[in-house]
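Here's the structure we're looking at; comments come further down.
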Amino acid sequence: MLKAKQILILGVLVCTAGAANAHCMKNKYYMGAGMGFNSTQDFSATAGYQIFAGYCLDFNFKSPRSKTSVELGYMDSGDFQKDQDIFATNPNRSSIVEVNKSYSSVWMAGLAEYKFDNKMHIMGRVGLDVGDQTGILFGGGAGYNVTKFAQIRAEYVLHDEVDSFQLNWISEF
């Protein structure tokens with residue numbers, strides 16, 4: 003199942019790279035996809051994915067170096083695992099079973115960016131998750147415009163149940 007998701011993400015990246023510009027520099031609409039390296043309490047870490055679309059706003063905090071945007075996306079955490087003794091209170095009857103847990107949600111977030119130059123920026127986000135982990139999300143990171151057609155972004159995002167280090171590809175259209 004994860005292979006199919008990875009192929010889907012790769013397809014989105016390939017299809018959008020040629021028609022894009024660096025994030026919020028020329029066009030208003032953008033889309034992105036990426037991998038998340040996720041953790042949650044008491045379970046092993048796992049890899050997941052996210053896809054999203056965004057719109058660049060005209061509001062810029064009175065600085066030409068700042069940008070704001072809104073994003074709407076979908077996140078799948080992947081499968082978290084742990085071993086659990088289902089008869090932990092009875093020492094004469096031990097049975098270890100594997101417990102799996104995963105989260106998926108639709109999210110919406112507002113972003114604020116500060117550009118150091120045409121290549122690098124830092125960013126912060128605040129938003130809302132709706133789904134398996136309904137609640138507030140927030141995070142921060144940095145972006146790099148690889149070419150005038152593509153941007154990569156590294157972020158650390160805290161969801162209600164999942165902490166996620168994300169590597170994303172962004173393309174405008």
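Residue numbering for the sequence shown follows my numbering, beginning at 3 and increasing consecutively. All C-beta atoms, glycine included, are put in the ideal place defined by N, C-alpha and C.
Spatially closest choice to residue i from the options, by CA coordinates
{"i": "Lys150", "options": "Glu174, Tyr105, Leu130", "result": "Glu174"}
{"i": "Asn62", "options": "Ser41, Ser79, Ser71, Tyr51", "result": "Ser71"}
{"i": "Phe39", "options": "Asp162, Ala156, Ile172", "result": "Ala156"}
{"i": "Ile154", "options": "Phe140, Leu169, Leu160, Asp165", "result": "Leu169"}
{"i": "Tyr57", "options": "Asn120, Gln86, Leu113", "result": "Leu113"}
{"i": "Met122", "options": "Val148, Gly141, Ser97, Ser106", "result": "Val148"}
{"i": "Trp109", "options": "Gly126, Val132, Trp171, Gln43", "result": "Val132"}
{"i": "Tyr31", "options": "Val101, Asp60, Phe140, Ile88", "result": "Asp60"}
{"i": "Tyr116", "options": "Gly75, Ser65, Ile138, Asn102", "result": "Ser65"}
{"i": "Trp171", "options": "Gln52, Ser41, Gln43", "result": "Gln52"}
Integer Cβ distance of residue i from residue j, believed to fall under 8 Å
{"i": "Ser79", "j": "Ser104", "result": "5 Å"}
{"i": "Ala182", "j": "Met33", "result": "Residue 182 lies beyond the stretch modelled for the chain, which goes from 3 to 175, so this question has no answer here."}
{"i": "Thr136", "j": "Asp165", "result": "The pair is not a contact, with the Cβ atoms about 16 Å apart (cut-off 8 Å)."}
{"i": "Gly142", "j": "Gly129", "result": "That pair is no contact at about 13 Å."}
Endpoints, the beta strand (DSSP E) within which residue i is located
{"i": "Thr149", "result": "137 to 149"}
{"i": "Ser65", "result": "Run containing Ser65: none; DSSP gives neither H nor E here."}
{"i": "Glu100", "result": "98 to 117"}
{"i": "Asp165", "result": "165 to 174"}
{"i": "Phe54", "result": "48 to 59"}
{"i": "Ile124", "result": "122 to 133"}
{"i": "Phe39", "result": "31 to 41"}
{"i": "Ile154", "result": "152 to 160"}
Distance CB(residue i)-CB(residue j) smaller than 8 Å
{"i": "Ala152", "j": "Ile124", "result": "no"}
{"i": "Gln83", "j": "Val99", "result": "no"}
{"i": "Met37", "j": "Ala47", "result": "no"}
{"i": "Ser107", "j": "Asp134", "result": "yes"}
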